[in-house]
Structure formats: structure tokens, C-alpha cells
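Okay, structure first, notes after.
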Amino acid sequence: MNTIIKKTFLSEKVVRLEIESPLVAKSCKAGHFVIVRACATGERIPLTIADADVEKGVITLIIQQVGISTAKLTALNVGDEVYDLVGPLGKATHIEKFGTVLACGGGVGTAPLLPIVKALKAAGNRVISVIAAKNKDLIILEDEILQNSDEVVIMTDDGSYGEKGLVTEGMKKVIEREKIDFAVTIGPAIMMKFASALTKEHNIPTVASLNAIMVDGTGMCGACRVTVGGKTRFTCIDGPEFDAHQIDYDELMMRLAGYN
Ligand code: NAD
Ligand code: FES
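Under this note's numbering, the residues of the sequence shown are numbered 75 to 334, in order.
Quick look at the structure:
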């Protein structure tokens with residue numbers, strides 16, 4: 075159960091695992107996530123399902139090695155089993171034909187963006203994706219995003235690939251060029267804060283997918299609470315996506331920093 079059937083390094087510290095999980099593959103939709111543990115004593119790690127193949131019964135998870143638990147998970151190899159895997163969790167992304175959609179992924183946030191880009195494209199939207207990273211080596215899933223977008227803008231902080239600048243600079247160029255009907259932003263909290271400030275300024279309805287700390291993933295523990303529109307919401311059951319213009323990003327960043 076939960077056997078790893080393929081492992082690929084997308085960058086030095088970012089690993090793609092394809093895992094046998096037929097029931098999750100069959101029932102998941104864009105935006106859903108799973109909670110995994112690499113071993114019995116491992117922390118519970120929430121990961122958005124980056125892709126699912128119903129016929130093969132396989133899901134794809136993309137993991138950035140940032141601490142002990144993610145290191146244990148990324149150290150697993152083909153043939154190993156993930157100790158436990160619960161899901162699909164959370165609310166699926168609301169998909170409809172909006173018109174022209176700006177899909178913005180920063181760093182590893184491009185992984186959860188991929189299924190949303192696919193679903194938005196399949197629903198008949200014109201999808202313009204802006205993917206950004208610190209440098210060329212950290213740009214992930216470029217081909218997959220390209221296959222499902224009408225246009226892809228690549229931004230790197232150091233200018234080693236695509237255009238030099240932050241994700242927001244790429245977004246700004248597109249927004250100033252044409253009418254955008256809807257936007258999605260996924261990445262570090264600081265990026266989502268500035269990306270949503272930009273789309274708010276241009277009155278573009280936007281959702282952001284939050285990376286709050288999670289424990290149970292079922293609305294019981296409160297670890298994932300965030301403030302949206304002045305109300306407390308639980309990322310695991312009310313999210314992970316929320317109206318980007320209503321999120322208290324400073325509180326989210328403070329809570330994330332508390333666990334560093
Ligand atoms: P990173 O720090 O390399 O940033 C990625 C891009 O975000 C940058 O290249 C830049 O374009 C943009 N960015 C960063 N700061 C910005 C700012 N002040 N204004 C505008 N744009 C800015 O990203 P990383 O190291 O790949 O990401 C790690 C973080 O992403 C972790 O905190 C992780 O928890 C989070 N993450 C979030 C999600 C999610 O669902 N929201 C998913 C995966 C990872
Ligand atoms: Fe416990 Fe959301 S993770 S309430």
C-alpha cells in the first residue's frame with residue numbers, strides 16, 4: 075500500500091514521488107490534498123496532489139526538503155511504502171469558465187498550481203501562467219504548465235532564466251496588457267500577499283491556496299486556523315483556497331514562523 079513507483083528530482087531539494095493510491099486517485103479533484111507520514115514517528119505533512127492517474131491508480135506528490143520530516147519523505151525510494159497517506163482532504167478548487175485566467179506559481183507553489191491550471195484549461199479558459207523561482211534550477215514543471223496554458227511567463231529573481239524579477243512583475247506586465255477575469259496565486263505567503271495586493275488594485279477576483287501548518291487535517295485541532303474576511307477559518311476543511319483579497323497574510327506568516 076502507498077508504494078512509491080517513481081521518484082524524480084525536480085531540483086536539488088525538490089522531489090516528485092509517484093505513489094500507488096488507487097482510491098485517492100479515483101476520488102481527488104484539483105485543489106485536494108493528502109496528509110502523509112514517512113514513518114511511524116514522522117510529522118504529518120500536508121501536500122497538495124499535483125497529479126492523478128485514475129487508470130494506473132497513481133497520485134503525484136511534489137515535496138520540498140525543508141526539515142527532518144520532509145527529508146525522511148524525500149529519502150524514500152522506488153519500492154518503499156509511505157507509512158500512511160490520508161485523503162483526499164480539503165475543498166476542491168471551484169472551476170468554471172471565467173474567461174482569461176492568470177495562474178501564478180512561486181517556487182514549489184507551482185506544484186499545487188498544476189492541477190488547477192489543467193482544470194481551468196479543460197473548462198475552456200484562456201490560461202496565462204506566470205511561474206517564478208529564485209533561479210533557473212528551481213523552476214519546476216515548466217513543460218507540464220506549458221502543455222496546459224495558452225501562454226507561460228517565466229520569472230527568476232536573478233534573471234538566470236526567463237525574465238528577471240519577482241512573480242508580481244510578470245503578473246503586472248500581463249495585467250497591464252490585457253483584461254484578466256480571474257487569478258490564482260500559490261507560493262510562499264509573502265508572495266501571495268503581494269500578488270493579491272496587485273490583483274486587488276486591478277479588481278481581479280483572486281484565490282490563494284494557503285500552506286498553513288496542519289495536524290489532524292479534519293477540523294479538530296485548530297492548528298491550521300487563518301483569518302479570512304475577519305473570520306476564523308480552518309485551512310484543512312474550509313480551504314486550502316480562499317478569497318485572496320480577504321486573507322490576513324501577516325497573521326499567517328506569524329503563525330508559520332512560530333514553527334521554524
Ligand atoms: P521562494 O522563496 O523561492 O519564492 C518563490 C517566488 O515567490 C520568488 O521567486 C518570487 O517570484 C516570489 N516572491 C517571493 N517573495 C516575494 C515578494 N516579497 N513579493 C513578490 N513575489 C515574491 O519559494 P520556495 O522556496 O520555493 O517556497 C517555499 C515556500 O512556499 C514555503 O514557505 C512553502 O511552505 C511555500 N509553499 C506554499 C504552498 C501553498 O500551497 N501556498 C505550496 C508549496 C510551498
Ligand atoms: Fe487541525 Fe485543520 S489541521 S483543524
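For each residue, glycine too, the CB sits at the ideal point set by N, CA and C. On a predicted model such as this, the values are computed, not experimentally measured, just so you know.
Q138 has its CB nearer than 7 Å to a heavy atom of the ligand NAD. For L212, the closest C-alpha among the options Q221, A196, R307 and D231 is that of D231.
Note that the stretch 79-98 touches the stretch 200-217; at least 3 beta-carbon pairs, one per stretch, sit closer than 8 Å. When distances are taken from the beta-carbon of S270 to the heavy atoms of the ligand NAD, even the shortest one reaches 7 Å or more.
Shown here, E117 sits in coil according to DSSP, grouped into three states, outside any helix or strand. Just so you know, the alpha carbons of D324 and E129 end up roughly 42 Å apart. Residue environment analysis places D127 among the exposed positions, since fewer than 16 neighbouring C-beta atoms fall within 10 angstroms of its C-beta.
Contact check for I287 and R329: beta-carbon distance about 7 Å, within the 8 Å limit, so the pair qualifies. Per the Cβ contact rule, the stretch 145-159 is not in contact with the stretch 170-185 (fewer than 3 Cβ pairs under 8 Å). With a minimum length of 3 residues, the unbroken runs of beta strand (DSSP E) contained wholly in the stretch 78-141 fall at 78-85, 88-94, 107-111, 119-127 and 132-138. For V281, no alpha helix (DSSP H) run applies; the uninterrupted beta strand (DSSP E) run containing it begins and ends at T280 to S283, by DSSP. When the five nearest sequence neighbours on each side are left out, the beta carbons in the same chain lying within less than 7 Å of the beta carbon of L220 are those of V226, in order along the chain. At least one heavy atom of the ligand NAD falls within 7 Å of the beta-carbon of M229. Here I119 really is in contact with I109; their C-beta atoms are around 7 Å apart, less than 8 Å. With fewer than 16 other Cβ atoms from the protein chains shown falling within 10 Å of its own Cβ, K238 counts as exposed. When Cβ pairs closer than 8 Å are counted between the two stretches, the stretch 92-109 is seen to touch the stretch 156-165, the count reaching three or more.
In this chain, the alpha helix (DSSP H) harbouring V248 covers V241 to R251. Contact annotation, V156 with N76: C-beta distance approximately 4 Å; criterion of less than 8 Å satisfied.
Look at I260: its beta carbon is less than 7 Å from one of the heavy atoms in the ligand NAD. When DSSP states are grouped into helix, strand and coil, A197 belongs to the coil group. Under the three-pair Cβ rule at 8 Å, the stretch 287-306 does not count as touching the stretch 259-276.
In summary, D317 is exposed, with fewer than 16 beta-carbon neighbours lying within 10 Å of its beta-carbon over all protein chains present. Secondary structure in the stretch 265-311: the beta strand (DSSP E) runs of 3 residues or longer, each lying completely within the stretch, are 280-283, 299-302 and 305-308 in chain order.
Secondary structure note for I260: its beta strand (DSSP E) is the uninterrupted segment F256 to I260. At a Cβ-Cβ threshold of 8 Å, Q138 and V182 count as neighbours. The distance from the Cβ of A271 to that of T259 is about 11 Å, inconsistent with a contact at the 8 Å cut-off.
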